[in-house]
Each structure stands twice: as C-alpha cells, then as structure tokens.
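What follows is one structure encoded as structure tokens, with my remarks underneath.
Protein chains: 2
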Amino acid sequence: MVTLAEVAQHAGVSASTVSYVLSGKRSISATTRQRVEQSIRELGYHPNAGARALASNRSNIIALMVPLRTDMYVPVMMEIAIAVATTARTHGYDVLLLTGEEGPDAVRRVTGSGLADAMILMDVELEDERLPLLRQTDQHSVLIGLPADPNGLTCVDLDWSATGALCVEHLAGLGHRDIAVIGEAPAVYERHTGFAERTLDGLRSWARASGVRVLHRPCEGGYDAMALTLARIFDERPGTTGFVVQNESAVEPLLALLRQQGRAVPEDVSVVAICPDQVAVQASVRLTSVAIPAQEMGRHAVEHLVAKLDGRGDDDVVLLAPELTVRASTGPAPAAS
Amino acid sequence: MVTLAEVAQHAGVSASTVSYVLSGKRSISATTRQRVEQSIRELGYHPNAGARALASNRSNIIALMVPLRTDMYVPVMMEIAIAVATTARTHGYDVLLLTGEEGPDAVRRVTGSGLADAMILMDVELEDERLPLLRQTDQHSVLIGLPADPNGLTCVDLDWSATGALCVEHLAGLGHRDIAVIGEAPAVYERHTGFAERTLDGLRSWARASGVRVLHRPCEGGYDAMALTLARIFDERPGTTGFVVQNESAVEPLLALLRQQGRAVPEDVSVVAICPDQVAVQASVRLTSVAIPAQEMGRHAVEHLVAKLDGRGDDDVVLLAPELTVRASTGPAPAAS
DNA sequence: CTGAAAGCGCTAACAT
DNA sequence: ATGTTAGCGCTTTCAG
Chain U
1 MVTLAEVAQH
11 AGVSASTVSY
21 VLSGKRSISA
31 TTRQRVEQSI
41 RELGYHPNAG
51 ARALASNRSN
61 IIALMVPLRT
71 DMYVPVMMEI
81 AIAVATTART
91 HGYDVLLLTG
101 EEGPDAVRRV
111 TGSGLADAMI
121 LMDVELEDER
131 LPLLRQTDQH
141 SVLIGLPADP
151 NGLTCVDLDW
161 SATGALCVEH
171 LAGLGHRDIA
181 VIGEAPAVYE
191 RHTGFAERTL
201 DGLRSWARAS
211 GVRVLHRPCE
221 GGYDAMALTL
231 ARIFDERPGT
241 TGFVVQNESA
251 VEPLLALLRQ
261 QGRAVPEDVS
271 VVAICPDQVA
281 VQASVRLTSV
291 AIPAQEMGRH
301 AVEHLVAKLD
311 GRGDDDVVLL
321 APELTVRAST
331 GPAPAAS
Chain A
1 MVTLAEVAQH
11 AGVSASTVSY
21 VLSGKRSISA
31 TTRQRVEQSI
41 RELGYHPNAG
51 ARALASNRSN
61 IIALMVPLRT
71 DMYVPVMMEI
81 AIAVATTART
91 HGYDVLLLTG
101 EEGPDAVRRV
111 TGSGLADAMI
121 LMDVELEDER
131 LPLLRQTDQH
141 SVLIGLPADP
151 NGLTCVDLDW
161 SATGALCVEH
171 LAGLGHRDIA
181 VIGEAPAVYE
191 RHTGFAERTL
201 DGLRSWARAS
211 GVRVLHRPCE
221 GGYDAMALTL
231 ARIFDERPGT
241 TGFVVQNESA
251 VEPLLALLRQ
261 QGRAVPEDVS
271 VVAICPDQVA
281 VQASVRLTSV
291 AIPAQEMGRH
301 AVEHLVAKLD
311 GRGDDDVVLL
321 APELTVRAST
331 GPAPAAS
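Sequence order for the protein chains is U and A. Quick note: the UniProt record's numbering has the first sequence finishing at residue 337, numbered continuously throughout. Quick note: the UniProt record's numbering has the second sequence finishing at residue 337, numbered continuously throughout.
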C-alpha cells in the first residue's frame, strides 16, 4: 500500500505539502504541484479513508436510510437512491445504505461512530420516531418527505397537497363532478405516511372549493383488489366520471377493468395518475399524470446537505411544485345521462 | 465525543482491556467485562469508525455496485440491494452504495482507499470491464450474475439456462409445439448481459431436445411495443400457443392484448413468466412463473463474501436452482385446429 | 487475565 | 511557499 509519506519522499517534498496539494487548502507552486501529482500517478497512490476520517473528523460519507418495506413505489425509491448516490459523488461524498430495519438505532450508531457526516432519511412518517434523535444530536440531516412538525429540520418533498389539488382542478375544469380517488394500500395510511394524507387533503380542499365530490378508497395493488374497489365505487357513486389514482400497482388493473366494463377512457371516464412519467407513458392508455420527481428530490436532498456541511446551511422545507402533463386519459365529462 | 480512553478510565481499566472486551479477542474476567460494559452504557460510547479502520486495516464496509441504468427490472435490483444491506448488518458490515457510473474507477478508488473491505457487483455483463481489475487486485468480491469467464471469481446467480429449459419443459409437457419468447429490450441483449443470453440458450436447447419450435423476440416495455411484437409473432407463427415472457413491463400488456384479441388464457394460449412472484400474483391472470429469487441472491452474495473475509473463502460459482410455480396461466395446448 | 506503548496514515496547527 | 510535528482513537504486539 502506498502512503502519503512515500509520495512525499518520491516527490522530494514534505508530507504536508502532499496533503495540501490534495486538499487545495493552501497555495502550492506550480512546479511542486506537478512533481507531487506526477509521483501520485506513478505510485498509484490513494489516500487512506480511515486515516483521513480520523485526522480530519470527516468521513465524506452520507448515510441514506431507505425503507425496508417494499409495499410502495419501489422504482421511485430506487431512482431517488441512485440520484442521491450520483449527486453525492459529484460533491466528493460516498453513500452508505441503511435499511429502516435498525430504526432509530441506526441513527445513533452512525452518528456516534462518525461513520457518516450526515444522513438522508426517506419514507418519513408524520410522527417519525427517528426525528427526536435527529433534533437532539446535532447530526446534519435532510428528510425526503415531510413530517407533521418539520421544525428544526430540513425537508425536501413534492408538494403533495398541491398535487392533489392539481388533479382535482384538472378534472373539475373538464366538467367532472364526481371523482373517485384510488389510493395506496390501507397500511400506508395507517402508518401515517405524510404524502398519502397530504395528497388527500389537497384533493378534498380543492374539491370543496370547486364544488365537486370526491370519494376516497385505499386499495391494495393488483387486479382482484382493484376489481372489488371499483365495484364498490360505482355502487356507491354510479355517476363517477373522474378517477385519480395514486397507486402504481392499481393503474393497469384499473384501465383493464374499465375497458372490460365497456367504459371508454377518456370518452366515458377520465383518469389522472400520480406516478412516475415512465409508468404514465407505458400504460395501455397514455395517462394524464402528475409526475413524481424522484431524481430532483434526491439531488436536492444531497445539495442541501452538502451546503449544510459546508456551513452554508439553512434549515428549511423545500416543496417541489407538481406538474401535470395532459395525455390521452382525460377529456371532457360526458353529458349527464 | 466519548473515547475508548474515557471508558477505560471510567471503568478503572486500561485501554486495551476495553478494546478486548469489544472485540472478544482475548478472555476477560466476568467482573471486568461487566464493569466495562457498564461504563460503555453509561457514557454512551460508540467506537470511532475511522480510528478503527486505520488501526485494524478493516473498514467493515462492503461496497455494492448497482447498475446506473434503470431499463431493467428495478424492483429486483432494489430487493437485492436491501437483502444485501440487511444481511451485511447481521454480520457486522455496512454497505456502501456505488452506482455503475464511475465504472472501473470506482473499483480502484474503493480498493485503493480501503474504504471497503470487499465488493459486490450487480448486473455483470458477459465481458465486464471491471473484471480484469478484480482479478489483478486481490480485492475480495462476489458477482451477482455470471460473466463469460468466471475463472478466479465468485459468482452467485439464478441458473438462467435451467430456467429457460424449465419453461419450455413445462409448456412442451402440456403439448405446446410452437412457443414464442418475449424477451427483454434489445439493448439488454446488445450489451451481452449474461442472464438474457443464458435463458435463451436454455430455452433453445431444451426446445431442440423436445422437438418444439421457439421464436425469440426482444421487446421494449409497454403496451405499444408489445402490440407490435405480438402482431409480428402471430404473423410469422400463427400456430403459436405458448408464451414465455422475460420482461416485467411486457407482462400486463401481453395479457391485455391477448384478451383483446379474443385469445383466452389458458384455454387458447398459455403464458409462463420469468419474474418476481409478486408480479406473477398481481397480474390480471395469475401467472405460472419461475421466480427471480432476489433475496436469496443478495443473501448468498454477502455470506460468501463474509466467508472469504474470514478466510473460509472459496472461489466458486453458485447457481440457484429455478422453481416453477404453476398458476392459472398455463394449460394443455388446444387441439390443433 | 491485564497493562503499557508503539504505531496505523493523515490533517492542521505552528514554524519559518 | 514549504517543512515539522503533534495528535486523531483505536488495535495489537510485547510484557508481565
């Protein structure tokens, strides 16, 4: 293993000079710099991460806590994770992957051991048990998701409430008066995941304001569950002409069932999805949708974190504005029959 | 920050004793151990990761390289990643998340810096450019996926060739004579991803042996691409009654299109999928399928790696046996019309 | 069964 | 603009 000292010797300079060439923390004459860089290349030197972390008290690692359960938009999680990893690299950080399994203990462990300089938490619940710890230790962190009380925390999320409102606004604008919302699995609501409840709030308050009715039904994924849910919806509200779907694994079943029942999309019923663009485009009907900006969320989270670590920090909440893309699944409400 | 020295002082023992209590590398009297453990708890001590890595030359971190691209079955990747992370934790390791973006450089960086003790590579191509590096450095590693030449490497993978054979065996056993294979996107074959080509090999050689015909068509995901592909298949082989699908985003479109064309599953055509069980179960027809054992692959990979790190190593190739579950999408071939 | 002490490779004062 | 040096907190000989 090549050490800094060996590089220094090879280049005929002191250890600190090599260190400073690497860090750029003080000015080095061009010729010295070149000699050192040359030696580094020739010897194939790589700074030792452990030694660096010990001496500098910085690991250059960001911990990312992903949820253990996979009952949600897995591809979205993955996309966020990848965005976090690549963005982190551009800032000189690596990413440590933690699953939710350890729970709050993981926070203690990582904080206490100095394994990571900061952490990003995904899938934050409204009353998340990890939050008290984050507040009391002065661990730098960013949440992807918005808890009930974001005070003293930095959060990045899609503005779910605005997302819900946007969906209703679009449908109401097309003349739909009875809207059904196909939601996530009941478990998602039960554990008070912020995004699900906030979407609902946005949906309902815009509905109230614009005089349309919304009926919300959680739904497990899959064909059978969707069939049941759909039957109940039409049973209760036969006049339903608009759908908002926030459940990736219900999208295709819903379309198939509507087709099967002879309800044409968008002539008879309109469907707005809240899902990644890829899903909207690949569906059997190209779906009007509000995209989930996974990459931006990951990128924002890292950039905020790096800013904090560099002392340019600011505890605040960033809500990304939703964007609705009109595709082939929505149209004017049919004349009342 | 609490240090080992402080714990030692608090417990009235020397630093080394505390260290040995932690590592268990030499025997400690019960009373001493308890005093030390007590102090550790009272002071809330966490060993410093950097110092530990520096002194022991072990980081207790495993690097996991995931593919950057997301044109494949993302949930499988995620499931593997999570299985890797949780299994690693049970062995005292953390996981560093690397994207394929850096390519072979990441291998050098991680190896050279001692950031990780070992690495797991996913999405290995037949002639993967990272492999020469792995062979020449004595970096411990495990591949998830099987390259063309696994010599000197440890690999874990599903036995894709047997998987292909199993699918054909099942369909041929039911009397199907003309089988169409809906494959992954062309790009997947072009970059010579092992699993895709091996599945095909297995499919074809069993077909040859059992006297059935197979027609292979790669397919981009989605409804439109599937429609085109299906039309071409029936055009070329009107007598096709069996399908093997190895492309998650083609599954539901295929079922929908068959339904739409009045071909009943499984009465008129049978479908076998190669996909995670969850997909098979949630599809609009419960699919006979060969499962992709994501969790086992992740678990195996970690356990092999840990064995190697502990000197119990063995460079070898572990191919997991495929299992076919019969569900509602396959049945006897219809009498020739 | 326990202590003392020598580093591990690097960073960051403190010098000059 | 560069060199010297004192640690960072832990592991692990070497010595009892």
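Note that the Cβ used here is the ideal one computed from N, Cα and C, for glycine as well. Predicted, not measured: the structure shown is a model, and the values here were computed from it.
Does any C-beta atom of chain U lie closer than 8 Å to the C-beta of L215/A? no
Under three-state DSSP, which class holds D224/U? helix
Can you tell me whether T31/A is buried or exposed? The criterion is at least 16 other CB atoms within 10 Å of its CB, across all chains shown. exposed
Work out the CA separation of S270/U and P47/U for me, nearest whole Å. 58 Å
Is there contact between the stretch 158 to 176 of chain A and the stretch 199 to 214 of chain A, where contact requires at least three CB pairs shorter than 8 Å? yes
Element boundaries [alpha helix (DSSP H), containing G173/U]: W160 to G173
Cross-chain neighbours of V295/A in chain U, by beta carbon under 9 Å: Contrary to the premise, residue 295/A reads as Gln rather than Val in this sequence. Neighbours of Q295/A on chain U: none; closest Cβ ~11 Å, over 9 Å.
May I ask you to list, following chain order, the residues of the stretch 176 to 189 of chain U that have a beta carbon less than 9 Å from some beta carbon of chain A? none
Out of N57/A, A63/A and G50/A, state which residue places its alpha-carbon closest to the alpha-carbon of R58/U. G50/A
CB-CB under 8 Å to Y93/U, same chain, minus the five flanking residues each way: which ones, in chain order? N60, I61, I62, D117, V302 and V306
Residue nearest to M65/U in terms of C-alpha spacing, selected from Y20/U, R109/U and R41/U: R109/U
With H, G and I counted as helix, E and B as strand and the rest as coil, what does DSSP make of T193/A? strand
Using three-state DSSP, classify R217/A as helix, strand or coil. strand
Just checking: is the beta-carbon of M78/U within a distance shorter than 8 Å of some beta-carbon in chain A? yes
Give a yes or no on whether 8 Å exceeds the smallest Cβ distance from V318/A to chain U. no
Listed from N- to C-terminal order along the chain, which residues in the stretch 250 to 269 of chain A have their beta-carbon within a distance smaller than 7 Å of any beta-carbon of chain U? E252, P253 and A256
Cutoff 7 Å; reference W160/A; Cβ partners in own chain excluding five residues on either side: F195, R198, T199 and G202
Taking just the CA atoms, how far does R89/U sit from S29/U? 28 Å
Secondary structure, beta strand (DSSP E): runs of 3+ residues fully inside the stretch 239 to 300 of chain U: 242 to 245, 270 to 274 and 288 to 290
Three-state class that DSSP yields for V181/A in the structure shown: strand
Just mark Q38/A as buried or exposed, buried being the case when its beta carbon has 16 or more other beta carbons within 10 Å. exposed
Closer than 8 Å by C-beta to residue 348/U: which residues in its own chain qualify, once you throw out the five before and the five after it? Chain order, please. Because chain U here runs from 1 to 337, residue 348/U falls outside it and cannot be looked at.
How far does the beta strand (DSSP E) with A63/A in it extend, from its first residue to its last? I61 to V66
On the DSSP bridge assignment, give the partners of S141/U in chain order. M119/U
Those residues which DSSP pairs with L319/A across a bridge: D157/A
How far does the beta strand (DSSP E) with D94/A in it reach, from first residue to last? D94 to T99
Listed by chain order, chain A residues near V74/U by CB distance under 7 Å: V74, P75 and M78
Under 9 Å by beta carbon: chain A residues contacting I292/U: Neighbours of I292/U on chain A: none; closest Cβ ~14 Å, over 9 Å.
Per DSSP, the bridge partner or partners of L324/U: V290/U
Looking at the structure shown, is residue 341/U part of a helix, part of a strand, or coil, going by DSSP? The question about residue 341/U has no answer, for chain U in this structure spans 1 to 337.
Taking the CB atoms as reference points, tell me whether L215/A and I233/A lie closer together than 8 Å. yes
8 Å Cβ cutoff met for P276/A and S329/A: no
Closer than 7 Å at the beta carbon, the chain U residues around Q282/A: G221, G222, Y223 and S249
Any C-beta of chain U under 8 Å from that of G298/A: no
Hey, would you say A172/A sits closer than 8 Å to V212/A, going by beta carbons? yes
At a cut of 8 Å, does the stretch 119 to 133 of chain U reach the stretch 129 to 138 of chain A through at least three beta carbon pairs? no
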